[in-house]
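K.L.:
Provided herewith is a single structure, encoded as structure tokens, for subsequent inquiry.
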Amino acid sequence: MASINYAFKEISCKIVYYGPGLSGKTTNLQYVHQKIPPQTRGDLISLATDQDRTLYFDFLPVNIGKVHGFSTKFQLYTVPGQVYYNATRKLVLRGVDGLVFVADSQKSKMDENLESYQNLLDNLAEYGYNLDKLPLVLQYNKRDLTPIISLEELQKALNPHQFPYYEAVAIRGVGVFDTLKCISKMVLDQAKRKQLFPHKEVEEKDSNLSLIIPSRIPSGEPIADVTGSTSPAEGIPDTTVTAVAEEEPISAEEKILPEPETIPEESKPEVELKIKEMTEENQERMEMPIAATSPTIISWSAGKKARSKGFFLWRFLGRIFNR
Amino acid sequence: MRQDDLVIYEEQIEDIERTLKRLIKDAQAKCVLLVDKDGHLITRQGFTQSLDTTALAALLAGSFASTREIARLVGEPEFSVLFHQGKKDHIHITLVGERTILAVIFDDRTTIGMIRLYAKEVAENLNQILSAEKQEENQSKNELETEVDTEFSASVETRLDDIFSDKY
């Protein structure tokens, strides 16, 4: 089920691609990973066998930015399709918010489609879920091959409840985004119906691209929407973390930082960073979350950065020798 | 159908973060992650900047889920503690209540005994903080379903059209 964090104004939903083996579930995720803007997604993680067959799951985190003032994230999962991986397949279904059933349109695959669909219903039932309330979209994949099952037959066999469906050729991207958009919309509508989103759109503190840094920045706040973009080279020495870890808790209001929205790469250097109350102490804190987590916004002059790094080194060595 | 979305409120996150910071300080850990069993990251503390915490959360939840199945197969209800030992860094995973897991990443500056001791204590505190919310608004919210307004629908559609398209 969805996870909602009112402190960070985040909502995270889980979408699972289900279906028989080799029907194109992983291909769907690979296409999405390849085509959406890099700053909106993390790395695609595949737990696969040596033959590139999904063993446990594939995982792709996507951040679509703010909806009603809430940073909205989808976690896209696939399941292993082969029949004998049912134990792990069932685990991936836990906490699902929306399902995509990827069916193979080839004539020889009809039995496998039906078996997988039945398996889906069985596994959902074990968790106590049912399809009356759980959003589901069907994708009839491999429509470019021959011989294929007609749309009417597929609908009759797999879609008696008249869920939305799309024809697709996932390997070329046909129908991939249509399917994803449809299920995402259904999942968010469901969240809205359950009143997980606020009634009114939350006003954003600062809607333009300038980033105003609060005088204090919490250490562990997940401001990195797509953490996969973080580079270890931009990390900070351990000493800073220790300093931050000892901080007193701070008020929730101070924690709200503007989101790294979908800002085109080329606009980054022009965005100015406004700094309030730049003391030595908070200079140290500032480096950490921003440098490490900015797929976005920061233009920081080279001179200042160099001085800042010198400052770090000095502090770091000082601490070592003081021990 | 289960209606238990995980809802975290501002007051809770303050308490959780305070608890996690204390854990890092007391046990000399590098960082800690609090993860929903479904794979959603709730919060994190410490030196997490070089980590892909979103993926880590999903994988930790996956690892925990598969271990639970292994436990079931050998006749245990659940393994409540997991420990992964590496060359430099190690991970200690503790079950917190029914649906969250606490992962502590640490190195040789501290010991597994210290981590176990403090993680157990912190898990109990976190469970209290997290379960406080359950009885309150969560239930009533899930029971009352409302219609989706057109403004919301439009806003969602614009977002999705922007991101999920072949134009990039």
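Chains as they are written, first to last, in numbering that gives the first Met the number 0: chain A, 0 to 322; chain B, 0 to 167.
No residue lacks a Cβ here, since even glycine has one placed at the ideal position from N, Cα and C.
#1: Check for me: the alpha helix (DSSP H) holding residue 117 of chain B runs from which residue to which?
#2: Answer with yes or no whether the minimum CB distance from residue 151 of chain B to chain A is below 8 Å.
#3: Below 8 Å on C-beta distance, what does residue 93 of chain A contact in chain B?
#4: Quick one: is residue 1 of chain B near chain A, going by C-beta distance under 8 Å?
#5: At what residues does the beta strand (DSSP E) containing residue 65 of chain A begin and finish?
#6: Name the chain A residues that come within less than 7 Å of residue 68 of chain B, Cβ to Cβ?
#7: Does the beta carbon of residue 83 of chain A come closer than 8 Å to any beta carbon on chain B?
#8: Counting only Cβ-Cβ distances shorter than 8 Å, please list the residues of the stretch 157 to 186 of chain A near chain B, keeping chain order.
#9: How many angstroms separate the CA atom of residue 286 of chain A from the CA atom of residue 0 of chain A?
#10: Could you check if residue 9 of chain A is buried or exposed, using at least 16 other CB atoms within 10 Å of its CB as the buried criterion?
#11: Please classify residue 47 of chain B: is it buried, with 16 or more other beta-carbons within 10 angstroms of its beta-carbon, or exposed?
#12: Shortest alpha-carbon distance to residue 40 of chain A belongs to which of A:23, A:19, A:64?
#13: Quick check on residue 266 of chain A: buried or exposed, where buried means 16 or more other Cβ atoms within 10 Å of its Cβ?
#14: Considering just the uninterrupted stretch of the beta strand (DSSP E) at residue 84 of chain A, what are its terminal residues?
#15: Just to confirm my understanding: we take residue 30 of chain B, look at its own chain, exclude 5 residues before and 5 after, and list those with CB closer than 6 Å. What are they?
#16: In the stretch 90 to 177 of chain A, which residue ranges form an unbroken beta strand (DSSP E) of at least 3 residues, counting only runs that do not cross its ends?
#17: Nearest by alpha-carbon distance to residue 108 of chain A: which of A:184, A:147, A:129 is it?
#18: Quick one: which unbroken beta strand (DSSP E) runs of 3-plus residues sit fully inside the stretch 36 to 85 of chain B? Chain order, please.
#19: Is the separation between the beta-carbon of residue 101 of chain B and that of residue 125 of chain B shorter than 8 Å?
#20: Considering only the alpha carbon of each residue, which of B:19, B:6, B:63, B:109 lies closest to residue 76 of chain B?
#21: Can you tell me whether residue 16 of chain A is helix, strand or coil according to DSSP?
#22: For residue 28 of chain A, which residues of its own chain have a beta-carbon under 8 Å away from its beta-carbon, when the five flanking residues on both sides are left out?
#23: Using 10 angstroms around the beta-carbon of residue 146 of chain B, count the other beta-carbons present and answer buried if the total reaches 16, otherwise exposed.
#24: Tell me which same chain residues have a C-beta within less than 7 Å of the C-beta of residue 57 of chain B, skipping the five on either side of it?
#25: What number of angstroms, rounded off, separates the C-alpha of residue 118 of chain A from the C-alpha of residue 91 of chain B?
#26: In whole angstroms, what separates the C-alpha of residue 37 of chain A from that of residue 102 of chain A?
#27: So does the stretch 133 to 145 of chain A actually touch the stretch 161 to 181 of chain A, counting three or more Cβ pairs closer than 8 Å?
#28: DSSP three-state label for residue 99 of chain B, please.
#29: Would you list the residues sitting across from residue 73 of chain A in a DSSP beta bridge?
#30: Rounded to whole angstroms, what is the Cα-Cα separation between residue 136 of chain A and residue 188 of chain A?
#31: For the 8 Å Cβ check, are there 3 or more pairs between the stretch 77 to 85 of chain B and the stretch 14 to 22 of chain B?
#32: Please name the residue, chosen from A:150, A:6, A:165, that lies closest to residue 100 of chain A on a Cα-to-Cα basis.
#33: Is there a C-beta anywhere in chain B that falls below 8 Å from the one on residue 325 of chain A?
P.N.:
Taking the definition as stated:
#1: 111 to 131
#2: yes
#3: 36, 37, 64
#4: Low confidence applies to residue 1 of chain B: its pLDDT is 49, below 50, so where it sits in the model is not reliable, and the reading given next is rough at best. For residue 1 of chain B, the answer is yes, since a Cβ of chain A falls inside 8 Å of its Cβ.
#5: 53 to 66
#6: 86, 90
#7: no
#8: 172, 176, 179, 180, 183, 184
#9: For residue 286 of chain A, the predicted structure reports a pLDDT of 37, less than 50, and the residue's modelled location is therefore unreliable. The matter cannot be settled from this model.
#10: buried
#11: buried
#12: A:64
#13: Confidence in residue 266 of chain A is poor, its pLDDT being 45 and thus under 50, which makes the residue's placement unreliable; the coordinate value appears in the next sentence. When all chains shown are included, residue 266 of chain A counts as exposed.
#14: Segment: none, residue 84 of chain A is in no beta strand (DSSP E) and carries neither H nor E.
#15: 45, 46, 47, 104
#16: 97 to 103, 135 to 140, 164 to 166
#17: A:147
#18: 40 to 45, 80 to 84
#19: yes
#20: B:63
#21: strand
#22: 16, 43, 57, 59, 75, 77
#23: exposed
#24: 38
#25: 34 Å
#26: 28 Å
#27: yes
#28: strand
#29: A:12, A:61
#30: 14 Å
#31: no
#32: A:165
#33: Given a span of 0 to 322 for chain A in the structure shown, any question on residue 325 of chain A remains unanswerable.
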